[in-house]
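In terms of the working numbering, the numbers along the sequence shown are unbroken and rise by one, the last being 213. Using N, Cα and C, we set each Cβ at its ideal position, and we do this for glycine too.
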Amino acid sequence: VRAAIQCHNSTSATSTNSVFFGSMTNNDLRLGTNDSTRMTILGGTNAGRVGIGTTSPAAQLDVSGSVSQTIDSGG
139 VRAAIQCHNS TSATSTNSVF FGSMTNNDLR LGTNDSTRMT ILGGTNAGRV GIGTTSPAAQ
199 LDVSGSVSQT IDSGG
């Protein structure tokens, strides 16, 4: 099933200033803004792989770009 929910800028139904989520291909779940996919959760044979900044994650978690980590010492 291919379906998506897309919310546009209220001034134009064709605006690229939108937020969307849905299953576009291969039962993947894609989340995006401004007409660009920002995060993908794969379905099909690679189900469960998550891509941030990539639409083709090659590992369980595939991040394209910089990553920041904060460790709380519990103090």
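Let's see if you can read the secondary structure: which residues bound the beta strand (DSSP E) around residue i?
i, result
"Ile179", "174-179"
"Thr171", "167-171"
"Asp200", "199-201"
Any idea if residue i is buried or exposed, counting beta-carbon neighbours within 10 angstroms, 16 or more meaning buried?
i, result
"Thr208", "exposed"
"Leu199", "exposed"
"Thr178", "buried"
"Gly186", "exposed"
"Gly212", "exposed"
"Gly189", "buried"
Please identify the residue among the options whose C-alpha is closest to the C-alpha of residue i.
i, options, result
"Thr171", "Gly203, Ile143, Val188, Asp210", "Ile143"
"Asp166", "Arg176, Asp173, Leu180", "Leu180"
"Asn193", "Gly212, Arg176, Gly182, Gly160", "Checking the displayed sequence, the identity of residue 193 turns out to be Thr instead of Asn. If we check each option's Cα against that of Thr193, Arg176 comes out closest."
"Ser204", "Gly191, Gly182, Gly160", "Gly191"
"Ser174", "Gly160, Ser206, Ala197", "Gly160"
Using DSSP with H/G/I as helix, E/B as strand and the rest coil, what is residue i?
i, result
"Gly189", "strand"
"Gly160", "strand"
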